[in-house]
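S.K.: Position one of the first sequence corresponds to residue -11 (our numbering), numbered consecutively onward.
Glycine residues also receive a C-beta, built at the ideal position from the N, C-alpha and C atoms.
For reference, the structure I am asking about is given below.
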Amino acid sequence: MKPEFGITSDAWTSGNPGIGGARVTDLKGNQLDFHNTPATELHSNNFFELLGISLAVRYALKNGIKVVYTDSQTAMAWVRNRMPGKNVKMDRDMLIARANLIADRCEKYGIEIKKWNTSEWGEIPSDYGRKSGGKKVA
RNA sequence: ACAU
DNA sequence: AAATGT
Ligand SMILES: [Mg+2]
Ligand SMILES: [Mg+2]
């Protein structure tokens, strides 16, 4: 069933690797937080998905929220393992530090990170809507 | 294959 | 079509 409680995060990039950012919304899509990184820094899509989770968990612990949804299987695994797989070279040290901070905060505050089931529920509310390029009129 |  | 990941 589509969730009734919790907040959501999602990422955007221009290119992959590329510039990008992430945002946090409630389940209605109201924006609660966001961060876009400097346009001179290129990172992977998954880097930004993890950034989104970090923003969401920070918001959650300050606001008594216990569930954070993401659509990123990869970023969820990074938090669970407290690190990315050994083949991930780009931003590795940053990713380890961030995954550990998220995992520590989740443990301390009892926050759960759950998978948003896009195939059943549609796009996550925090999605940027960049994938469906508008219907072609002309 | 699955998730982006 | 290409790239990032488990
Ligand atoms: Mg996403
Ligand atoms: Mg999206």
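(1) If distances are taken between C-alpha atoms only, which option among 64, 6, 26, -7 comes closest to residue 94?
(2) Inspect the beta-carbon positions of residue 142 and residue 17 and report whether they are closer than 9 Å.
(3) Candidates 53, 104, 66, 68: which alpha carbon is nearest residue 97's?
(4) Let's test the definition: count the other Cβ atoms within 10 Å of the Cβ of residue 13 and tell me whether it reaches 16, buried, or not, exposed.
(5) I need the DSSP call for residue 11, collapsed to helix, strand or coil.
(6) Can you look up residue 107 in the DSSP assignment and give me helix, strand or coil?
(7) Should residue 108 be labelled buried (16 or more other beta-carbon atoms within 10 Å of its own) or exposed?
(8) Given that a residue counts as buried once 16 or more other Cβ atoms are within 10 Å of its Cβ, and exposed if not, what is residue -4?
(9) Do residue 102 and residue 58 have their beta-carbon atoms positioned less than 9 Å apart in this structure?
(10) Restricting to runs no shorter than 3 residues, where is the beta strand (DSSP E) found entirely within the stretch 62 to 121?
(11) So does residue 112 have its beta carbon nearer than 8 Å to some heavy atom of ligand 2?
(12) How big is the Cα-Cα spacing for residue 123 and residue 88?
M.R.: Let me lay it out:
(1) 64
(2) Absent from the model: residue 142. The displayed extent of the chain is -11 to 126, so no value can be given.
(3) 53
(4) buried
(5) For residue 11, the secondary structure class from DSSP, reduced to helix, strand or coil, is strand.
(6) helix
(7) exposed
(8) buried
(9) yes
(10) For the stretch 62 to 121, whole beta strand (DSSP E) runs of length 3 or above, ordered along the chain, are 100 to 103.
(11) yes
(12) Residue confidence is low: residue 123 scores 36 on pLDDT, short of 50, so the model does not pin down where it sits. Its coordinate-derived value is still stated next. A straight-line Cα-Cα distance of about 42 Å links residue 123 and residue 88.
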